[in-house]
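In terms of our numbering, the sequence shown opens at residue 76 and continues consecutively.
A virtual CB, placed ideally from N, CA and C, is assigned to each residue, including glycine.
Just so we're clear, the structure is a prediction, and the values are computed from it rather than from any experiment.
A short worksheet on the structure shown next.
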Amino acid sequence: METSAPARALSQFVLKLHSRCDLACDHCYVYEHADTSWKTRVRATPDEVFERVAARIAEHAAAHRLAAVQVVFHGGEPLLAGPARIRRAAEALRRALDGVCALELGIQTNAVLLDERFCDVFDEFGISVGVSLDGGRAENDRHRRFADGRGSYDRVVASLGLLREPRYRHLYGGLLCTIDVANDPLAVYEALMALEPPRIDFLLPHATHDAPPARPGGARAPYAEWLLTVHRRWAAEGRPVPVRVFDSVRRMLRGGSSLVESIGTDPVDLVVIETDGTFEQADSLKTAYDGAPATGMDVFAHSLDEVAAHPGIAARRQGKEGLCDECRRCPVVDVCGGGLYAHRYRTGTGFENPSAYCGDLMELILGIRDAEETERENPVSTASGRQPQSSLTEDQIDQLAAGYGDAATVAALAAEQLDITRGLLTAVWERAPRDGRTAAVWRVLAEVDEAAPEALDEVLAHPYVRPWARHCLETGGDGGADVAGLAEFAAAVVVRAAGRYGASVRVPVRDGAVRLPGLGRVLVGAPDGEDADVTATADGFSVSAAGGTVRIDVHDPGDARWHPVRRVGPAGWSVALEDTDPYRDAHQWPLVPRQDEAEVKAWHEDLVAAWDFLGRELPRYVPGLAAGLGTVTPLVPPGDGSDVSGAARQAFGAVGIARPAAPDTLALLVAHEFQHLKLGAVLDLMDLYDPEDTRLFHAPWRPDPRPLEGLLQGTYAHVAVAEYWRALARRGVPEAAAPFARWTRETAEAVDRLAGSGSLTPLGKRFADGMAGTVAPWLSELNGV
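What follows is the structure, encoded as structure tokens:
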């Protein structure tokens, strides 16, 4: 066989479970467009096809050392295969890929037949469920109807109600909506959002130059305008759920990768397996001409390497080089990528054409680009008067800009951080192996979120959840550690939800202990790799492992096997002294091991005294500190007697400190590091500077030049440092006068340097003005004005 490109690994597979459908949608590309191959297909996929598919994928994954593969069950309507057949398909894949690579399973369905029998199978195998729905009743039933003309909306929404129940919520993968420009875009968006999807995707109806898309009234780019109308609402609401087409354009505009096949120049590594075991190219090609997706290969006679070398599949992996001349000359080609391959078809020239949606794609990309630029240039000019991604009020932004922030302001930052952590936790789950263990852990988290949401929030607010999640996502790993961490979090949530939710969670033993993030760890005497069952009790919890059962009374810390996170400090500001979490190593300085009781007592006494100092001398910082700083992580004191502290952008709510000699110094370190945490949280929500500015700037307090964000962070933190020395100087401490003068003048100089950089956004200038306004009276004091 001739090939146009060397074979490359395939990692995404669409496995057809049934070739027929229980709906008669008039926009369906399988039955209503050019291809007619469905008429000769076997209806339900036989078991021997499942076995051969699984073997082929395992063979391919092993040969190419793939870390993971994704298999999506499809149709026709895959639920027509029945729960038993779906189970056999999942079992065959799981069995073949065990020990080879991670397997992610999904299913795309119209959900008409979805019931508990199917959901239980999906739960067992961790199968994510995507549902096709085109909006509300009127919009959906315009096309998605039964053969007798009845609409499908009510049946689908009832099924979605099942998926939204706590026991199955973790299976809900999202909604897929095919656009009809005759439908009101906002009515469609609102109807979809009302069903609480974890994500949404909008699909352009399949069309070619031979069968072009409908353009009512001869409009030039009606699909772009439809999507941009939705985009404006979605952006104004703070992007409440991922929308794959919008997110893909935004990522591509920033030089990232696409999330969808229809946008971008990323190579496509997908193949379809029909019910009879034949390999086909992308299903969308069925809209081009009869037989367009065919490869002439099947699972019984051909390997996936052979399929990957097929000219049609190779053609979709050539990036810009595989596009026509007109596309290659286009200014948005790096984002558009020529659109969906099938949409380029024209009789006579084949796929060597721009997309039938070329004008729409151009307008969509430019519209999103312009909206992004407007948002960066004027981040608080939305209809609500706020930055779209932020819940902060104008007054709260001004408080933060000045260097402060009351309890409500910092609580709003903490709530935004919690949302980010929830998103990261979901991302870790999506990367974890799709098996019964992962599904069981996620089911517990989903059910607790319904029964006792504050318990889940308390665990997710633990500062070192986010470093753990980012570690999982950045290192990739083998997936097993991700599941272990998820299980640990689920166990901690169950313990916190005692009395409101009852369940046991199986947790792997690591380093001879079971870790409960934010609570502590239990030494269980079992070898690493063994499992322990964590169960909440009336007065604590129990941990059962091979070495026996440990029963912990949370009110009695006397058990040597229980290493709780201890709380220290005054009644108005009790903080966790974190010396158990392995992910607390986020402060760029060595950690101390478990603190003895004498050291814990010393921390308590010094924090009480430091809090007293803050309340007397730096009262404007106290409400925010009380609302946002809940964890102190002890660091190793340096040998030269200097002071060491640190804050991590990814660990909001925690500071690392080597306990200094004097409580007043501890107050300074706490205030200084919390400034970094506040500004880091702001930067997670708002653009204060142009990230494209790569220049280095001199900070008066450092010998080495700093990037703009480093200068901004240092300046913001030194507002508190200058105010600390001002407080001591006003108290008459002789050695405070010189540091007060130094830090005030250097902070003011740094603010001027920021303001003169030319790279601050309007909101960034607001922060520079706010800091300048705070420091100005102190300069007047120094100058005797």
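In whole angstroms, what separates the C-alpha of arginine 841 from that of glutamate 821?
Arginine 841 and glutamate 821 have their C-alpha atoms spaced approximately 19 Å apart.
Alpha carbon of alanine 167 to alpha carbon of leucine 561, nearest angstrom:
Each residue's alpha carbon lies about 26 Å from the other.
Which complete beta strand (DSSP E) runs does the stretch 137–196 hold, if anything under 3 residues is left out?
As far as the stretch 137–196 is concerned, its whole beta strand (DSSP E) runs of at least 3 residues are 143–149 and 177–184.
Residue ranges of each alpha helix (DSSP H) run of no fewer than 4 residues wholly in the stretch 768–822, ordered along the chain?
Qualifying alpha helix (DSSP H) stretches, in chain order: 783–806.
Please determine, among Gly397, Ala289, Ala702 and Ser323, the residue with the shortest C-alpha to C-alpha distance to phenylalanine 749.
Selected option, being the one with the closest Cα: Ala702.
For the stretch 751–765 and the stretch 567–584, state whether three or more C-beta atom pairs, one from each stretch, are separated by less than 8 Å.
With a cut-off of 8 Å, the stretch 567–584 and the stretch 751–765 do not count as touching, because too few Cβ pairs lie within range.
Can you give me the Cβ contacts of isoleucine 254 inside the same chain, cut-off strictly under 7 Å, excluding the 5 residues immediately before and after it?
Around isoleucine 254, the same chain offers Phe277, Leu278, Leu279, Pro280, Tyr298 and Trp301 as residues with beta carbons nearer than 7 Å, after the five sequence neighbours per side are excluded.
Would you give the residue range spanned by the alpha helix (DSSP H) that glycine 731 belongs to?
Run containing glycine 731: none in the alpha helix (DSSP H); it sits in the beta strand (DSSP E), 729–732.
So within the stretch 473–521, which uninterrupted alpha helix (DSSP H) runs reach at least 4 residues, ignoring any that extend past its ends?
DSSP assignment within the stretch 473–521 yields the following whole alpha helix (DSSP H) runs of 4 residues or more, N-terminal first: 482–506.
Among Glu240, Val408, Gln788 and Pro645, whose alpha-carbon lies nearest the alpha-carbon of valine 519?
Here the closest residue by C-alpha is Glu240.
In the DSSP assignment, the beta strand (DSSP E) including tryptophan 637 goes from what residue to what residue?
In this chain, the beta strand (DSSP E) harbouring tryptophan 637 covers 637–639.
Is it true that the CB of arginine 244 sits closer than 8 Å to the CB of glycine 226?
It is not a contact, given that the beta carbons lie outside the stated cut-off.
What number of angstroms, rounded off, separates the C-alpha of valine 711 from the C-alpha of threonine 849?
Using only the alpha carbons, I get a separation of about 34 Å.
Which word fits aspartate 739, buried or exposed, when buried means at least 16 other C-beta atoms lie within 10 angstroms of its C-beta?
It is buried - the Cβ of aspartate 739 has at least 16 other Cβ atoms within 10 Å.
Where DSSP assigns a beta bridge to aspartate 276, which residues make up the other side?
DSSP lists Leu251 as partners of aspartate 276.
Straight-line gap, tryptophan 637 to glutamate 199 (C-alpha atoms, nearest Å):
Roughly 33 Å between the two C-alpha positions.
Under the DSSP definition of a beta bridge, which residues are partnered with arginine 585?
Note: arginine 585 sits in a beta bridge opposite Ala588.
Where the beta strand (DSSP E) through lysine 395 begins and ends:
First-last for lysine 395: undefined, no H or E at that position.
Whole angstroms is fine: what's the gap from alanine 143's alpha carbon to glycine 714's?
In this model, alanine 143 and glycine 714 are separated by some 47 Å (Cα to Cα).
Rounded to the nearest angstrom, what separates tryptophan 543 and tyrosine 658 at their Cα positions?
Straight-line Cα distance between these residues: approximately 6 Å.
Nearest-angstrom Cα separation, counted from arginine 160 out to alanine 383
Their Cα atoms are separated by approximately 28 Å.
Among Asp557, Ala797, Cys100 and Gly292, the one whose alpha carbon lies nearest that of histidine 546
Nearest Cα to histidine 546 within the set Asp557, Ala797, Cys100 and Gly292: Asp557.
What residues match up with threonine 624 in a beta bridge as DSSP calls it?
DSSP lists Ser619 as partners of threonine 624.
Same chain, Cβ closer than 8 Å to arginine 421, neighbours up to 5 away in sequence not counted:
A distance below 8 Å between beta-carbons, with the five flanking residues on each side excluded, links arginine 421 to the following residues of its chain, in chain order: Thr283, His284, Asp285 and Asn428.
Mark arginine 571 as exposed unless 16 or more other C-beta atoms lie within 10 angstroms of its C-beta, in which case mark it buried.
Classified as buried, arginine 571 has 16 or more neighbouring CB atoms from the shown chains inside 10 Å of its CB.
Reducing DSSP to helix, strand and coil, say where aspartate 739 ends up.
Here aspartate 739 sits in helix by DSSP.
Round the Cβ separation of glycine 201 and aspartate 510 to the nearest angstrom and send it over; I've been treating them as touching at under 8 Å.
Indeed they touch by this definition, with Cβ atoms about 6 Å apart.
Aspartate 608, enclosing alpha helix (DSSP H) - first and last residue
Where aspartate 608 is concerned, there is no enclosing alpha helix (DSSP H), although the beta strand (DSSP E) it sits in stretches over 606–611.
Is the stretch 397–408 in contact with the stretch 112–126, if contact means three or more CB pairs nearer than 8 Å?
No, the stretch 397–408 is not in contact with the stretch 112–126.
What are the start and end residues of the beta strand (DSSP E) that includes serine 207?
202–207 is the span of the beta strand (DSSP E), which, as asked, contains serine 207.
So is lysine 91 buried or exposed if we call it buried at 16+ other beta carbons inside 10 Å?
Counting the other CB atoms within 10 Å of its CB gives lysine 91 a total of 16 or more, which places it among the buried residues.
Can you find at least 3 beta carbon pairs, one from the stretch 262–270 and one from the stretch 217–224, that sit closer than 8 Å?
When Cβ pairs closer than 8 Å are counted between the two stretches, the stretch 262–270 is seen not to touch the stretch 217–224, the count staying below three.
Tell me the rounded alpha-carbon separation between methionine 327 and glycine 339.
Approximately 7 Å, taken between the alpha carbons.
DSSP state of glutamate 438 mapped onto helix, strand, coil
If DSSP states are grouped into helix, strand and coil, glutamate 438 belongs with the helices.
In or out: lysine 676 buried (at least 16 other Cβ within 10 Å) or exposed?
So lysine 676 counts as exposed.
Start-end ranges of the beta strand (DSSP E) lying completely within the stretch 319–397, minimum 3 residues:
Within the stretch 319–397, the complete beta strand (DSSP E) runs of at least 3 residues are 345–348, 353–355 and 369–373.
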